[in-house]
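In this note's numbering, the protein residues as written are 72 to 285. In this text, a Cβ means the ideal position worked out from N, Cα and C, and glycines have one as well. Remember, it's a predicted structure, so these values are computed and weren't measured experimentally.
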């Protein structure tokens, strides 16, 4: 996968045992939603109770700039296939409640840690789309009009399955490009990777301390 190593890593972070995915499966690569979210099912069976997710995303909020960290307060699912479509897994109810897809207590903890460490964070709603094209200027504007602050091609399916399994979720989007403004900006995969790599230390600092305090 371009930009993703595709490894499952066991290790320690913040003094706690963790399981990490170095890369992920994307719907745009041709995988089914069952395949995209299979790692979450594995994590559940291994006893994972809290999931930290991150992504590179395009910002539509005019207050955002490239390199910002956006704590995800909620999401809008625009994928054409739902990860819970089909026979219901016994890990959760047929119609799971999604009013708190992203755990409020974890969000509050992240805000406190960011303030302590002097790390600027934004808050917003993440819009999940299938890709693999980056958005047109009017698509950016549309996603902002319907309530989105950032848009990307991942995360939402995994979060839905995690919540179906009763796993708490916390997420951060790294704003790697901007769109929907008066002057359209071109974007490339290389530029997205560069912006994501630059923001990673700040994001990991927050994650590490959250895991330590959890």
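Are the CB atoms of residue i and residue j nearer to each other than 9 Å?
i           : j           : result
residue 124 : residue 241 : yes
residue 155 : residue 245 : no
residue 199 : residue 166 : no
residue 96  : residue 113 : no
residue 163 : residue 234 : yes
residue 193 : residue 277 : no
residue 273 : residue 85  : no
residue 271 : residue 247 : no
residue 152 : residue 103 : yes
residue 138 : residue 269 : yes
residue 89  : residue 282 : yes
Can you tell which of the options has the C-alpha that lies nearest to the C-alpha of residue i?
i           : options            : result
residue 171 : 238, 97, 266       : 238
residue 159 : 105, 244, 249, 250 : 105
residue 135 : 142, 249, 188, 274 : 249
residue 266 : 97, 128, 81        : 128
residue 216 : 274, 130, 140      : 130
residue 196 : 113, 219, 277      : 219
residue 99  : 223, 273, 271      : 223
residue 227 : 176, 281, 262, 122 : 122
residue 289 : 120, 80, 189       : Limits of the chain in this structure are 72 at one end and 285 at the other, which puts residue 289 out of reach.
residue 140 : 283, 285, 275      : 275
residue 93  : 261, 85, 79, 176   : 79
residue 203 : 88, 101, 87, 91    : 101
residue 161 : 186, 236, 208, 230 : 236
residue 201 : 209, 269, 147, 279 : 147
residue 133 : 206, 251, 87, 181  : 251
residue 230 : 82, 208, 169       : 169
Would you give the residue range spanned by the beta strand (DSSP E) that residue i belongs to?
i          : result
residue 89 : 87-93
residue 78 : 78-84
On the DSSP bridge list, what partners appear for residue i?
i           : result
residue 119 : Residue 119 pairs with nothing; no bridge assigned.
residue 239 : 121
residue 248 : 129
residue 222 : 129, 198
What residue does the alpha helix (DSSP H) around residue i start on, and which one ends it?
i           : result
residue 349 : Residue 349 lies beyond the residue range present for the chain, which begins at 72 and ends at 285; the question has no answer from this structure.
residue 105 : 104-107
Pick out the complete alpha helix (DSSP H) segments inside the region 141-199, 4 residues or longer, and give them in chain order. 175-188
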